[in-house]
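In the numbering used here, the protein residues as written are 275 to 315.
Below is one structure; the comments refer to it alone.
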């Protein structure tokens with residue numbers, strides 16, 4: 275199984291109650307999609 279590496283960043287604005295989470299994966303798009311959509315992957 276291939277390994278997926280990721281970087282995370284979180285930005286929050288408590289005044290407007292908004293939370294944005296960004297994740298960048300260092301992996302092929304197809305592998306990321308399969309991991310995201312297939313719970314058995």
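In this text, a Cβ means the ideal position worked out from N, Cα and C, and glycines have one as well.
A quick note: this is a predicted structure, and the numbers were derived from the prediction, not measured.
Rounded Cβ spacing between residue i and residue j (contact assumed at less than 8 Å)
i           : j           : result
residue 298 : residue 281 : 5 Å
residue 308 : residue 315 : 5 Å
Cutoff 8 Å: residue i Cβ touching any chain E Cβ
i           : result
residue 315 : The chain labelled as chain E is not found in the depicted structure, where only one protein chain is given.
Neighbourhood of residue i by C-beta, 8 Å cutoff - its chain only, sequence neighbours within 5 removed
i           : result
residue 289 : none
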